[in-house]
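Student:
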Amino acid sequence: MDLHAMSDEAPRYLGLAPYLYYTDATEAVEWLTRVFGFREKVRYVDAAGEVFQATLLAGDAEIQVTAVDSTYWEAKGVDGPVGQLNVVYVDDVDAQYERVRAAVGESVELTTPQDQPYGARLFTVQDVGGNSWTFWQHISDVVDLPVGWQEIRAEDGQNAVTRKNIEQSEREHELG
Numbered sequence: 026m027d028l029h030a031m032s033d034e035a036p037r038y039l040g041l042a043p044y045l046y047y048t049d050a051t052e053a054v055e056w057l058t059r060v061f062g063f064r065e066k067v068r069y070v071d072a073a074g075e076v077f078q079a080t081l082l083a084g085d086a087e088i089q090v091t092a093v094d095s096t097y098w099e100a101k102g103v104d105g106p107v108g109q110l111n112v113v114y115v116d117d118v119d120a121q122y123e124r125v126r127a128a129v130g131e132s133v134e135l136t137t138p139q140d141q142p143y144g145a146r147l148f149t150v151q152d153v154g155g156n157s158w159t160f161w162q163h164i165s166d167v168v169d170l171p172v173g174w175q176e177i178r179a180e181d182g183q184n185a186v187t188r189k190n191i192e193q194s195e196r197e198h199e200l201g
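All you need for my numbering is the position in the sequence shown, starting with 1, plus 25.
#1: How is the alpha helix (DSSP H) around ARG37 delimited, first residue to last?
#2: Sorted by chain position, which residues of the same chain lie with C-beta nearer than 6 Å to VAL115's C-beta, five sequence neighbours on each side aside?
#3: Do the segment 35 to 55 and the segment 129 to 140 touch if we need at least three Cβ pairs shorter than 8 Å?
#4: For THR91, which option in THR48, GLY173, SER165 has the closest C-alpha, if you only look at C-alpha atoms?
#5: Take the Cβ of GLY154 as the centre, count every other Cβ of all protein chains shown within 10 Å, and call the residue buried at 16 or more, exposed below.
#6: Among PRO142, GLY102, VAL60, GLY74, whose alpha-carbon lies nearest the alpha-carbon of TRP174?
#7: Taking three-plus beta-carbon pairs below 8 Å as touching, is the segment 123 to 134 in contact with the segment 89 to 106?
#8: Please state whether DSSP places ASP152 in a helix, a strand or coil.
#9: Under DSSP, the beta strand (DSSP E) around SER132 begins and ends at which residues?
#10: Excluding five sequence neighbours on each side, which residues of the same chain lie with their C-beta closer than 7 Å to the C-beta of ALA145?
#11: Considering TYR46, what are the terminal residues of the beta strand (DSSP E) in which it resides?
#12: Compute the Euclidean distance between the alpha carbons of MET151 and GLN109, then round it to the nearest angstrom.
#13: Using CA coordinates, which residue listed in ALA79, ILE88, PHE63, VAL67 is at the minimum distance from ALA50?
#14: Which whole-angstrom value describes the C-beta separation of LEU57 and LEU82, a residue pair presumed to lie in contact below a C-beta threshold of 8 Å?
#15: Could you say which of TYR44, PHE77, SER132, VAL76 lies nearest to MET89 if we only look at CA atoms?
#16: With which residues is ILE88 paired in a DSSP beta bridge?
#17: Going by C-alpha distance, which of GLU176, ASN111, VAL167, VAL93 is nearest TYR46?
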């Protein structure tokens, strides 16, 4: 295949779904639906009724859940999953926090919602499989960067970028 003959046009992506590994996918599906309020789209079970693959929905976003045992990781030459961070965008992070806190009680550690200097309010919780979930609410388009840092954004899908006025940011920081 001649890579130079390929179109310069960016591909149209239809979505992105995390594929999460659990030693007990049945427990994971129950936990994720009960605690986070995700909806179950489909599950595939073995002869014993245990989930080996499932698709959950967070709004319109799909989350793939699959069961694996230690032989899966041994075949890959690793000790096991390292976990991952999944970000879920919500309209009301405080309400989601209260939902999660009520569902897990004191059995699971979760951070309290905090405003971040990059325009988000968020909290993080770890699920039964060791994956981290950050629930994120956009609260501001203003990004409070440390002195000397700058924001660089792509324009119109191109690689051309604009630079945020560092001096203005420094002045705002000093006044803040």
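C-beta: ideal position from N, C-alpha, C; glycine also.
Tutor: The answer reads as follows:
#1: Along the sequence shown, read from residue 1 onward, the residue named residue 37 stands at position 12. ARG37 -> no alpha helix (DSSP H), and no H or E assigned at all.
#2: Reading the sequence shown from its first residue, position 90 is the one you call residue 115. Contacts found: GLN121, PHE160, GLN162.
#3: no
#4: Numbered from its first residue, the sequence shown carries residue 91 at position 66. Cα-wise, what sits closest to THR91 is THR48.
#5: To locate residue 154, count along the sequence shown from 1; it is residue 129. So GLY154 counts as buried.
#6: To locate residue 174, count along the sequence shown from 1; it is residue 149. Minimum Cα distance to TRP174 is reached at PRO142.
#7: no
#8: If you number the sequence shown from 1, residue 152 lands on position 127. In this structure, ASP152 counts as coil in the three-state DSSP scheme.
#9: By 1-based counting over the sequence shown, the position of residue 132 is 107. Here SER132 belongs to no beta strand (DSSP E), and DSSP marks it neither H nor E.
#10: Locating residue 145 in the sequence shown gives position 120, counting from the first residue. Taken in chain order, the residues that qualify are TRP161, GLN162, HIS163, ILE164.
#11: For this step, residue 46 is matched to residue 21 along the sequence shown. Note, TYR46: beta strand (DSSP E), 44 to 47.
#12: Sequence index remark: in the sequence shown, residue 151 carries index 126 (1-based). Sequence index remark: in the sequence shown, residue 109 carries index 84 (1-based). Inspection of the sequence shows that residue 151 is occupied by Gln rather than by Met. Whole-angstrom Cα-Cα distance: 10 Å.
#13: Your numbering for residue 50 matches position 25 in the sequence shown. The shortest C-alpha separation from ALA50 is found at ALA79.
#14: Position 32 of the sequence shown, counted from the first residue, corresponds to residue 57. Position 57 of the sequence shown, counted from the first residue, corresponds to residue 82. The pair is not a contact, with the Cβ atoms about 10 Å apart (cut-off 8 Å).
#15: Mapped onto the sequence shown, residue 89 falls at position 64. Just to set this straight, residue 89 is Gln in the shown sequence, not Met. Nearest option by C-alpha distance: TYR44.
#16: In the sequence shown, the residue the question calls residue 88 occupies position 63. Looking at the DSSP assignment, ILE88 forms a beta bridge with LEU81.
#17: Counting from one through the sequence shown, the residue named residue 46 turns up at place 21. Among GLU176, ASN111, VAL167, VAL93, the Cα nearest to that of TYR46 belongs to VAL93.
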